[in-house]
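Read the structure below first, then the notes.
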Ligand SMILES: Cc1cc2nc3c(=O)[nH]c(=O)nc-3n(C[C@H](O)[C@H](O)[C@H](O)COP(=O)(O)O)c2cc1C
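Numbering (our numbering), first residue to last: 1443 to 1789.
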């Protein structure tokens, strides 16, 4: 509540209301905090909730993760776990450092509890992330996921080599890897969800560490079914559902002008579709592929519905923007009373 009444209004005014200015400021503050053991201990005492579960062979202190894109370069890792996250997914990183799309590229739609972004994988590159992760005091206390994407300069037919270069630089640092083939903001990227492309990608990446595939909510069910066959055949460890959507359904009237901005929509309007995709994946695979449910979790009931749909883990992004760290704690507390979907989904 303090966050929503006092912190959020202040953050939302930063930079003349530029959403990325608020994001950058928060990340800088958290990066400073991440180097202060006393501050971390105080946060931990306030936010940490134990609700352990083991999924794809990895033990999570609680099943509520920070979604990819919030801390692309891994600047504030110890702070996220102190704020109660049971795992953190850094990235998306690419083999080549890249600036992303021109600003402004991040837009808040407050009446809809939503965000539109067209960041375009702005990141310092896989090598820089590897250097930062190597310097971190370990253990981190929570599993670290690393999200990999394709560099913009790399043609689609060289995508496998590009992902592989990032993977090689980072493989010793991640507890799992997410193959991001679903961002709407890199031209052509989503075509890597096709059977042949994904098959080649997974053939190159699956092996040593759990590899999960992050999918778009805009795929049809037959396309998801085909993708799942490839995931199962190639030994993917799970699916992350979902990334942002190109749809603009469900926006409040006041948000429609901003909603017309190009990019992917996240937050409340995505919740129902993301949950439907989670449910489809869980049912279609008979629980054989663990699902990380992400999209529109704004309160603990949203998370409970996501677990009920078959998610073994959940992630937050837009909900954290609107509700702050109290949401992470509330969702983890709810999860503490929620059993995993079925024993079969846990490997
Ligand atoms: C500003 C922004 C940047 C994002 N960047 C990434 C990214 O780099 N990689 C990725 O896999 N997903 C990225 N996402 C998608 C989120 O991880 C998440 O899948 C999506 O926002 C749906 O969850 P939410 O409704 O809780 O935000 C981004 C989302 C936002 C809002």
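Backbone N, C-alpha and C fix where the C-beta goes; we use that ideal spot for every residue, glycine too.
The structure displayed is predicted, hence computed values, not measured ones.
Should residue i be labelled buried (16 or more other beta-carbon atoms within 10 Å of its own) or exposed?
{"i": "residue 1443", "result": "exposed"}
{"i": "residue 1787", "result": "Note that residue 1787 scores 40 on pLDDT, short of 50, meaning its location in the model is unreliable; the coordinates nonetheless yield the value given after this. Buried, by the Cβ-count rule."}
{"i": "residue 1466", "result": "exposed"}
{"i": "residue 1514", "result": "buried"}
{"i": "residue 1531", "result": "buried"}
{"i": "residue 1765", "result": "buried"}
{"i": "residue 1579", "result": "exposed"}
Taking the straight line between their C-alpha atoms, what separation do you get for residue i and residue j?
{"i": "residue 1459", "j": "residue 1614", "result": "39 Å"}
{"i": "residue 1720", "j": "residue 1666", "result": "11 Å"}
{"i": "residue 1517", "j": "residue 1669", "result": "33 Å"}
{"i": "residue 1464", "j": "residue 1549", "result": "11 Å"}
{"i": "residue 1677", "j": "residue 1618", "result": "13 Å"}
{"i": "residue 1717", "j": "residue 1655", "result": "16 Å"}
{"i": "residue 1733", "j": "residue 1661", "result": "16 Å"}
Since residue i contacts residue j with CB under 8 Å, what's their CB separation in whole angstroms?
{"i": "residue 1521", "j": "residue 1476", "result": "4 Å"}
{"i": "residue 1534", "j": "residue 1563", "result": "5 Å"}
{"i": "residue 1582", "j": "residue 1523", "result": "6 Å"}
{"i": "residue 1634", "j": "residue 1623", "result": "4 Å"}
{"i": "residue 1602", "j": "residue 1774", "result": "Actually they do not touch by this definition, with Cβ atoms about 37 Å apart."}
{"i": "residue 1627", "j": "residue 1701", "result": "Wrong, their Cβ atoms sit about 16 Å apart, outside the cutoff."}
Note the first and the last residue of the continuous alpha helix (DSSP H) segment covering residue i.
{"i": "residue 1637", "result": "1637-1647"}
{"i": "residue 1574", "result": "1568-1577"}
{"i": "residue 1531", "result": "No alpha helix (DSSP H) holds residue 1531; the beta strand (DSSP E) holding it covers 1529-1535."}
{"i": "residue 1453", "result": "1450-1459"}
Under 7 Å: does the beta carbon of residue i sit that close to some heavy atom of ligand 1?
{"i": "residue 1680", "result": "no"}
{"i": "residue 1758", "result": "yes"}
{"i": "residue 1608", "result": "no"}
{"i": "residue 1739", "result": "yes"}
{"i": "residue 1509", "result": "yes"}
{"i": "residue 1761", "result": "yes"}
{"i": "residue 1561", "result": "yes"}
{"i": "residue 1622", "result": "yes"}
{"i": "residue 1685", "result": "yes"}
The beta strand (DSSP E) spanning residue i covers which residue range?
{"i": "residue 1618", "result": "1618-1622"}
{"i": "residue 1542", "result": "Where residue 1542 is concerned, there is no enclosing beta strand (DSSP E), given that its DSSP letter is neither H nor E."}
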